[in-house]
Amino acid sequence: MDHFILPSGIDHYIKIPYKCTIKYIPGDFLTFPERHGWKDNHISEDDAFGGREPSEVEAFFQTWLYFGMLLEVLHVAGVEADTYDFVCRDDVHGTAFITTKSLSSLIRRWQRKYRVSSECHCWLFVTGEYQPTEKFLKLSGCKKKPCWRKLVTMTDIEGLHMMVAVLQKVHWFIERYCGIRENTKIIPAAKSWPVDDTIALSIAALGFTFSEAIEDIYRVRGGSKLSWNVDTLLKDRLRRANWCPSLIDTTVTDFSIDGLYYLGANPQRDTEDHAQCTELRCVSKGLNRDVYRTRHVTDDCQCEHHEPSMDRMLDIISNGGTPLVVWTETDGKPLHLQEHKSTPGHVPSVEIGADGMPVIPERVPIYVAISHVWADGLGNEHQNSLPACQLSRIQRLVDEVYGFGPNGKPGHAPFWMDTLCVPVRKAHDVFRKKCIVAMRNIYQQAAAVLVLDAGIQKIPVSAPLADQSMALYESGWVRRLWTFQEGFLARQLLFRFQDASIHVETMEQQISDYTKNLRRHGHYTPFVDIARGNVTSYYTLLKGAVARVRLGETDLNQPHAAFLPLMGSLSHRRTTRASDEVLCAATILGMDPTPFLDPERPIDGLPQKVSLADLRMETFLRYMGRFPAGIIFNRLPRLQRDGYRWAPKSLMAGRVVDMMRGMDVVHDYNGIGRMCRIDGSSVALAVEYPGFKLHSSSFARVEGSRMVLSSSPGSQKSLYQVELLPEGDGDFGRWNEGLQYYLVVTKFSTKEADVWGPAILGSRRPDDGLKLRHECCARIKLIPAALEDNLLVVPGEKLQEDTLWFVQ
Numbered sequence: 015m016d017h018f019i020l021p022s023g024i025d026h027y028i029k030i031p032y033k034c035t036i037k038y039i040p041g042d043f044l045t046f047p048e049r050h051g052w053k054d055n056h057i058s059e060d061d062a063f064g065g066r067e068p069s070e071v072e073a074f075f076q077t078w079l080y081f082g083m084l085l086e087v088l089h090v091a092g093v094e095a096d097t098y099d100f101v102c103r104d105d106v107h108g109t110a111f112i113t114t115k116s117l118s119s120l121i122r123r124w125q126r127k128y129r130v131s132s133e134c135h136c137w138l139f140v141t142g143e144y145q146p147t148e149k150f151l152k153l154s155g156c157k158k159k160p161c162w163r164k165l166v167t168m169t170d171i172e173g174l175h176m177m178v179a180v181l182q183k184v185h186w187f188i189e190r191y192c193g194i195r196e197n198t199k200i201i202p203a204a205k206s207w208p209v210d211d212t213i214a215l216s217i218a219a220l221g222f223t224f225s226e227a228i229e230d231i232y233r234v235r236g237g238s239k240l241s242w243n244v245d246t247l248l249k250d251r252l253r254r255a256n257w258c259p260s261l262i263d264t265t266v267t268d269f270s271i272d273g274l275y276y277l278g279a280n281p282q283r284d285t286e287d288h289a290q291c292t293e294l295r296c297v298s299k300g301l302n303r304d305v306y307r308t309r310h311v312t313d314d315c316q317c318e319h320h321e322p323s324m325d326r327m328l329d330i331i332s333n334g335g336t337p338l339v340v341w342t343e344t345d346g347k348p349l350h351l352q353e354h355k356s357t358p359g360h361v362p363s364v365e366i367g368a369d370g371m372p373v374i375p376e377r378v379p380i381y382v383a384i385s386h387v388w389a390d391g392l393g394n395e396h397q398n399s400l401p402a403c404q405l406s407r408i409q410r411l412v413d414e415v416y417g418f419g420p421n422g423k424p425g426h427a428p429f430w431m432d433t434l435c436v437p438v439r440k441a442h443d444v445f446r447k448k449c450i451v452a453m454r455n456i457y458q459q460a461a462a463v464l465v466l467d468a469g470i471q472k473i474p475v476s477a478p479l480a481d482q483s484m485a486l487y488e489s490g491w492v493r494r495l496w497t498f499q500e501g502f503l504a505r506q507l508l509f510r511f512q513d514a515s516i517h518v519e520t521m522e523q524q525i526s527d528y529t530k531n532l533r534r535h536g537h538y539t540p541f542v543d544i545a546r547g548n549v550t551s552y553y554t555l556l557k558g559a560v561a562r563v564r565l566g567e568t569d570l571n572q573p574h575a576a577f578l579p580l581m582g583s584l585s586h587r588r589t590t591r592a593s594d595e596v597l598c599a600a601t602i603l604g605m606d607p608t609p610f611l612d613p614e615r616p617i618d619g620l621p622q623k624v625s626l627a628d629l630r631m632e633t634f635l636r637y638m639g640r641f642p643a644g645i646i647f648n649r650l651p652r653l654q655r656d657g658y659r660w661a662p663k664s665l666m667a668g669r670v671v672d673m674m675r676g677m678d679v680v681h682d683y684n685g686i687g688r689m690c691r692i693d694g695s696s697v698a699l700a701v702e703y704p705g706f707k708l709h710s711s712s713f714a715r716v717e718g719s720r721m722v723l724s725s726s727p728g729s730q731k732s733l734y735q736v737e738l739l740p741e742g743d744g745d746f747g748r749w750n751e752g753l754q755y756y757l758v759v760t761k762f763s764t765k766e767a768d769v770w771g772p773a774i775l776g777s778r779r780p781d782d783g784l785k786l787r788h789e790c791c792a793r794i795k796l797i798p799a800a801l802e803d804n805l806l807v808v809p810g811e812k813l814q815e816d817t818l819w820f821v822q
């Protein structure tokens with residue numbers, strides 16, 4: 015696996031033992047087992063591999079799946095190689111291991127044989143079809159003949175198919191014995207396999223590399239691309255670094271095997287307690303504010319704290335201004351305050367110069383907004399102050415952005431930082447809320463936002479771009495809620511590395527060029543660009559959605575159009591104060607956060623205490639008003655007060671793909687749900703979906719959370735298996751014969767299949783009219799009606815496809 019990229023200074027940490035007892039000679043890959051005495055039933059665990067010893071089985075599969083794939087694909091590509099080109103011996107013990115150091119040079123030879131013009135947009139590149147028609151070539155005007163130099167011949171088309179067939183065969187075994195994650199679908203390993211985990215990992219790594227090479231060299235998309243995420247060994251390394259299960263799950267989804275191998279080499283250790291966290295959600299308490307301590311630049315520093323004039327700061331905030339600070343170190347009060355009068359809604363443009371840094375027009379106020387993670391030690395829970403060493407350092411970094419300093423322009427650039435400019439004392443709470451309301455203008459009107467993250471600042475700008483990109487991905491900054499808002503609102507976003515600040519757009523271009531150059535030299539490691547994309551794509555997608563809402567370009571011109579992009583952007587973020595989430599979400603969407611600061615408390619006589627976070631979320635939902643109708647089927651932790659039980663408790667509770675798992679996004683999730691008031695006071699989400707009315711006389715026959723539902727539309731009887739999915743994974747156990755129960759589904763299944771569809775169980779009191787209380791999520795699938803005689807069945811009545819539900 016040493017053809018993969020690792021962090022600077024880190025050696026390859028997984029050695030692949032060479033266990034083969036014979037050399038693989040290129041020939042017919044698919045008949046290799048038969049030629050060596052293995053029958054079809056021998057190559058599966060079903061027949062105990064023909065009664066062979068585990069060591070023999072392991073040697074056979076390494077020879078066939080690893081070296082067979084390696085040598086056959088290269089042979090078909092016209093590149094000859096030998097088994098021993100990929101075997102080396104340990105200097106101490108003489109143990110044989112596999113090495114792929116020469117793989118990139120061999121792939122480079124392969125590339126030169128099939129050079130494709132990057133400027134051509136012919137049929138093969140656009141559609142992935144192997145053989146365009148003459149008519150299409152004529153209509154498209156494609157005259158880039160070099161791109162068809164090889165592929166238009168039938169021989170090479172067959173060769174391409176042969177490569178894909180080899181990869182698909184190898185993939186079948188890896189999927190069968192190791193388990194593979196296919197996006198949101200997890201295919202578990204079904205059988206035991208006496209093959210060392212490292213050998214299985216190496217087979218998957220080689221399959222991944224060849225899949226990427228085929229797609230790039232032949233410009234073929236679709237059929238050749240397979241998932242090769244054999245991640246058990248790599249996930250174990252992340253667990254040992256105390257990564258949260260939800261972050262591991264997200265990471266395994268984000269990256270293929272190349273990125274996981276890089277991260278597994280030297281994962282940053284997480285110091286928080288994740289014992290109660292799950293793959294869906296991190297419940298770590300995060301920052302402990304009771305023991306929080308502001309840090310100095312060095313651990314042995316004991317310099318004094320400095321605080322701006324509080325009277326002057328409160329006066330500026332009262333007048334609607336933005337307090338800015340300048341650290342001078344030249345007089346008795348070196349921390350000076352300036353006032354910036356913001357113009358709400360006015361965002362002057364800032365261009366990027368040839369050096370990749372912002373060029374500020376004269377009319378734009380030069381101030382920098384600092385974005386940082388409190389866990390790094392730049393916060394202060396008790397007063398608006400920082401140590402002199404930190405102030406001096408921050409001022410220097412801000413000055414460098416715009417050329418101030420000893421070797422540049424005289425003076426200093428002012429900056430805004432929450433630690434210094436948002437009052438923290440309880441007596442100043444009203445001023446703090448004013449700052450929160452003004453947050454959008456503060457960050458939008460700054461000439462730039464400078465990110466100070468402890469992890470990123472360990473990486474020099476001279477480091478390989480793989481290290482820079484992954485430092486962004488692993489940083490604490492990309493995991494926090496408030497920092498997402500700050501990055502989203504920035505006109506110009508800069509990341510501070512060890513020795514310089516880099517503009518995000520400059521970095522994006524550098525990384526794009528870097529990955530293209532790697533491919534040109536036979537290295538297929540897309541994780542570098544994926545890491546960058548996972549940091550910046552959320553901003554791009556959400557900014558586009560919010561802009562369309564604000565410009566009236568959406569169908570309904572409502573904030574709900576940005577709801578799913580917002581949820582996707584916040585899904586992997588965290589905050590110490592859960593109640594801050596809605597304030598950030600409202601600011602991002604351009605909504606006035608004032609109504610969410612002190613929401614009205616309910617007077618419905620509920621015994622349980624409603625938290626400030628829940629109250630703010632309920633208020634936020636009412637202000638949003640409309641949502642994708644399929645939100646009622648979400649499997650995330652939900653609000654518990656009637657009227658809101660259909661809604662996620664937090665937009666950070668899980669990814670959008672988790673919310674929609676098992677659903678047909680095109681059909682099941684379309685339509686708009688509208689919040690409305692019923693009976694003058696209670697609220698509900700109005701949606702239209704098909705469903706079933708359950709006969710309450712049969713509830714006593716239901717055991718646990720599983721039941722079989724029978725419905726008889728006309729003379730045709732349908733039978734459904736239903737599984738209730740209450741929060742906490744326990745049994746439902748709350749049947750009340752005084753209630754009428756309904757099952758709401760996304761659609762009526764028309765054919766029997768081993769596929770579950772999403773559903774919810776709802777209840778209605780006789781005097782509740784149209785209101786339907788969301789009891790829990792469920793799933794349903796159609797099963798053969800002939801099974802009814804052997805099952806305890808709950809009868810039900812099929813309702814119309816467009817039944818209107820007022821879900822509470």
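Numbering-wise, the numbering used here comes out as the position in the sequence shown, counting from 1, plus 14.
Positions of the beta carbon are idealized from the N, C-alpha and C atoms, including for glycine.
For residue 447, the uninterrupted alpha helix (DSSP H) run begins and ends at 443 to 451, by DSSP. Distance from residue 700 to residue 577 at the Cβ level is roughly 16 Å; contact not present, criterion being Cβ atoms closer than 8 Å. The count of Cβ pairs closer than 8 Å, one atom from the region 501 to 508 and one from the region 460 to 472, reaches three, so the stretches are in contact. In the structure shown, residue 751 falls within a coil segment according to DSSP collapsed to helix, strand and coil. Note: residue 735 is bridge-paired with 722, 795 in the DSSP secondary-structure output.
Secondary structure note for residue 125: its alpha helix (DSSP H) is the uninterrupted segment 117 to 127. For the region 40 to 112, the full-length beta strand (DSSP E) segments reaching 3 residues or more read 101 to 103, 110 to 112 along the chain. Taking C-beta separations shorter than 7 Å and ignoring five residues to either side along the sequence, the partners of residue 653 in its chain run 628, 631, 632, 659, 661, 663, following chain order.
For a cut-off of 8 Å, the C-beta gap from residue 735 to residue 795 is around 6 Å, short enough to register as a contact.
Annotation: the continuous beta strand (DSSP E) that includes residue 819 extends over 818 to 821. At a cut-off of 3 residues, the continuous stretches assigned as beta strand (DSSP E) that sit fully inside the region 592 to 666 are 640 to 642. Secondary structure of residue 336 (DSSP, three-state): strand. Taking 9 Å as the cut-off, the Cβ atoms of residue 773 and residue 702 do not count as close. Here residue 341 really is in contact with residue 349; their C-beta atoms are around 6 Å apart, less than 8 Å.
The shortest C-alpha to C-alpha distance from residue 306 to any of 690, 392, 696 is the one to 392.
Pairwise C-beta distances place the region 389 to 403 in contact with the region 307 to 323, as three or more of them are shorter than 8 Å.
Three or more Cβ pairs closer than 8 Å define a contact, and the region 467 to 487 falls short of that threshold against the region 431 to 449.
With respect to the 9 Å criterion, residue 383 and residue 464 are classified as neighbours on the basis of their beta carbons.
Beta-bridge annotation (DSSP): residue 351 is paired with 339. Assignment of residue 588 by DSSP, reduced to helix, strand and coil, places it in the strand class. The three-state secondary structure of residue 785, taken from DSSP, is strand.
Counting only unbroken stretches of 4 or more residues, the alpha helix (DSSP H) elements lying wholly within the region 240 to 281 are 246 to 254, 259 to 268, 271 to 279, in sequence order.
Within the same chain, 208 come within 8 Å of residue 68 by CB-CB distance, once the 5 residues on both sides are set aside. Under the DSSP definition of a beta bridge, residue 324 lacks any partner. Residue pairing by DSSP places residue 30 opposite 112 in a beta bridge.
The shortest C-alpha to C-alpha distance from residue 283 to any of 489, 411, 793 is the one to 489. Taking the Cα positions, residue 785 is about 32 Å away from residue 559.
In terms of Cα proximity to residue 737, the closest of 540, 793, 696 is 793. Cβ contact annotation for residue 172 (same chain, cutoff 6 Å, sequence separation greater than five): none. Proximity of the region 549 to 558 to the region 238 to 250 falls short of the contact definition, fewer than three beta-carbon pairs being nearer than 8 Å. Here the region 256 to 272 makes contact with the region 287 to 295; the two share three or more CB pairs at distances below 8 Å. Per the C-alpha coordinates, the member of 655, 266, 638 positioned closest to residue 624 is 655. Within the DSSP secondary-structure output, residue 385 pairs in a beta bridge with 465.
Apart from sequence neighbours up to five positions away, the residues of its chain that approach residue 797 with a beta-carbon distance below 7 Å are 733, 734, 735, 766, ordered along the chain. If you look at residue 532, you'll find it in the alpha helix (DSSP H) that goes 518 to 534.
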